[in-house]
Every structure is written in structure tokens, then in C-alpha cells.
Amino acid sequence: MPNKQTRLSTFGDMLKKLRFASNVGGHGKVLRYLKDNGIKCSQSLLVVYEKGKIGNPDPAILRQLASLYGVSFEGLIALLIREKYGVDFTEGKAAPDIEIQQLEKKLAAISIEISKLKKRR
């Protein structure tokens, strides 16, 4: 079982891509949203989340990020569990699996857009 220091780089990268895909903008807007919803968070903590350097992300923060980014909290948690533990807890459950597939498709589309933008530079 991974310990608290497990690096969740794929999950962190996904959070960053979701922030860009949802057109939220920079960390400042995310911090204001979190504060408005009763969550204390610093810019440095958001960076830690997006770099995947946090082994046990706060569910309250993840719930608010999912809401802000327009994705399901359950799908987000399923992806976190998949990376952290190598377990797909949605096996045999259609609804969360569909949510995960939708998130993965959204992330794939974002990756393609990012690649196109980088080539234009």
C-alpha cells in the first residue's frame, strides 16, 4: 500500500488540464472560488496538487475543484484511486465507469489542443 508520500503526477497533471479546459484561468480565480465556498487554500497548495506532490488530497478541496471544473467528484476520485492504489474500484459499476471514460476523453481532447497550441508557437 502506498504511503502518504506517493507522487500522483498523472492525477496532478489532470487537475491542471481540467483547470485550463474549464476556462477558469489562473490560480487566483480558483482560490477565490474555494474561499467563497468555505475552503482555505493557498496558491502553493494548489501548485502542489497540480504537480501531484500530495499523497492524500483533501476531499473537500477536490469536491470544490470538481464542481468548478465541471466534472463529477466521483469520477475525479475514481481516477485518484486508480493512480494511487492501482485499483479500479468501479469495476462492474457502469455509471462511475462512464464518468471516468468521459473524463479521460475530455483529457485526451485537452492534450491534443495543448499540442496544437505548442506547435503554433
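Counting in the working numbering, the sequence shown runs from 1170 upward without gaps. We treat Cβ as the ideally placed atom computed from N, Cα and C, and that holds for glycine.
Its Cα nearest to that of residue 1225, the residue 1177 stands out among 1290, 1287, 1177 and 1278. DSSP, reduced to helix, strand and coil, places residue 1227 outside both helices and strands of the structure shown, so it counts as coil.
For residue 1205, the secondary structure class from DSSP, reduced to helix, strand or coil, is helix.
In this structure the stretch 1183-1201 lies against the stretch 1271-1290, because at least three pairs of beta carbons, one per stretch, are closer than 8 Å. Annotation: the continuous alpha helix (DSSP H) that includes residue 1181 extends over 1178-1190. Per DSSP, residue 1253 is one residue of the alpha helix (DSSP H) stretching across 1242-1254.
Residue 1203 places its beta carbon less than 7 Å from that of residue 1233. Contact annotation: residue 1229 and residue 1208 have beta-carbon atoms nearer than 7 Å.
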